[in-house]
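Residue numbers (my numbering): 9 to 233.
Every residue, glycine too, gets a C-beta built ideally from N, C-alpha and C.
The model shown is predicted, which means the values in this text are computed figures rather than measured ones.
The next block holds one structure in the form of structure tokens; read it before the comments.
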Amino acid sequence: MPHRAKLRVVVAGGHGKIALTLTRTLANRGHDVVGIVRNPEHVADVEALGGTAVVLDLEHTDVEAVAQVLEGADAAVFAAGAGPGSTAERKYTVDRDASILLAAAAERAGVRRFVQISTTRAGAPAAQGSTPVWVAYLDAKTQAEEALKATGLDWTIVRAGALTDGPSTGRVTLAGRHVPRGSVPRADVAMVLAELVVSGAAVRRTLELTSGLVPVATAVAATGT
Ligand SMILES: NC(=O)c1ccc[n+]([C@@H]2O[C@H](COP(=O)([O-])OP(=O)(O)OC[C@H]3O[C@@H](n4cnc5c(N)ncnc54)[C@H](OP(=O)(O)O)[C@@H]3O)[C@@H](O)[C@H]2O)c1
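Listed below in structure tokens is the structure:
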């Protein structure tokens, strides 16, 4: 991705908790953020943080429509998710299929940089005795990762630990290897995503993220380009 002072970043799932913090972070740094939301009532919340919003239900659209939103963007971030309480079916239609759709649209629109939120539990089957929804969730996240890795995009996968709503600490453990199980505030995940987008670091890398001791900018820089 060329180093430009002002980036245009499209965030799928633009009204999500991480997405809203990411929007505020990037907008405060002078970048343009376009949030894809499915509920028209969410537009004002995105705008209040300095972004703009496009109303598009990623489970009921097509690659052409999403590519239009991505036209001229420098980066795409997949921050959507079916959310707690959703069905196993929606883990597949959102966490897997909407991610695959965004990646296909990014390729169509020529947007190379793609940052994906995933989970530290991805990449391995759910433990025996897990609920069908949890099995589906991990399978959907794993399949989304595999599909993204098969693209020609400049992807980075961020496997976050258990998310909390605690305040940002600005310090994380971020590594291209398995890190001990832990939690991480959504605010710190947003900081890491913003840094990855702006720096262009960690292309074609899968990173694990939990709370830690290293300042975000240092941790991202240490992952390499
Ligand atoms: N919970 C954890 O511990 C954990 C750990 C690691 C990773 N993650 C992942 O982290 C990501 C972000 O987490 P978060 O807490 O910020 O999520 P969140 O607040 O639940 O936000 C997800 C967003 O996705 C949107 N969305 C769902 N279906 C959509 C559709 N069809 N079209 C467009 N947008 C749609 C939702 O919109 P609505 O508001 O309209 O529903 C919501 O705004 C998720 O992918 C999650 O799986 C979670």
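Rounded to whole angstroms, what's the CA-CA distance from residue i to residue j? Just pull it up for me.
i: Asp-173; j: Lys-25; result: 9 Å
i: Ser-207; j: Arg-121; result: 11 Å
i: Ala-227; j: Phe-86; result: 21 Å
i: Leu-57; j: His-50; result: 12 Å
i: Val-141; j: Ala-96; result: 5 Å
i: Val-4; j: Asp-162; result: No statement about residue 4 is possible, as the shown extent of the chain runs from 9 to 233 and does not include it.
i: Asp-105; j: Val-123; result: 16 Å
i: Pro-193; j: Thr-181; result: 12 Å
i: Ile-125; j: Ala-168; result: 7 Å
i: Ala-90; j: Arg-37; result: 29 Å
Looking at residue i and ligand 2, is the gap between the Cβ and the nearest heavy atom below 8 Å?
i: Tyr-100; result: Annotation note on ligand 2: not contained in the displayed structure, which lists ligand 1 as its ligands.
List the residues that DSSP assigns as beta-bridge partners of residue i.
i: Gln-124; result: Phe-86, Ile-165
i: Arg-16; result: Asp-40
i: Pro-175; result: The partner list for Pro-175 (beta bridge, DSSP) is empty, contrary to what the question assumes.
Less than 8 Å between the CB atoms is what I'm expecting for residue i and residue j, so what's the real figure, rounded?
i: Ala-75; j: Arg-116; result: 4 Å
i: Ala-81; j: Val-18; result: 5 Å
i: Ala-20; j: Ala-84; result: 7 Å
i: Thr-31; j: Val-45; result: Not quite, the Cβ-Cβ distance comes to about 11 Å (not below 8 Å), so this is no contact.
i: Leu-215; j: Val-143; result: Wrong, their Cβ atoms sit about 24 Å apart, outside the cutoff.
Please tell me whether, using a cut-off of 8 Å, the distance from the CB of residue i to the nearest non-hydrogen atom of ligand 1 is below it.
i: Ala-113; result: no
i: Thr-159; result: no
i: Arg-46; result: yes
i: Glu-67; result: yes
i: Ser-176; result: no
i: Asp-103; result: yes
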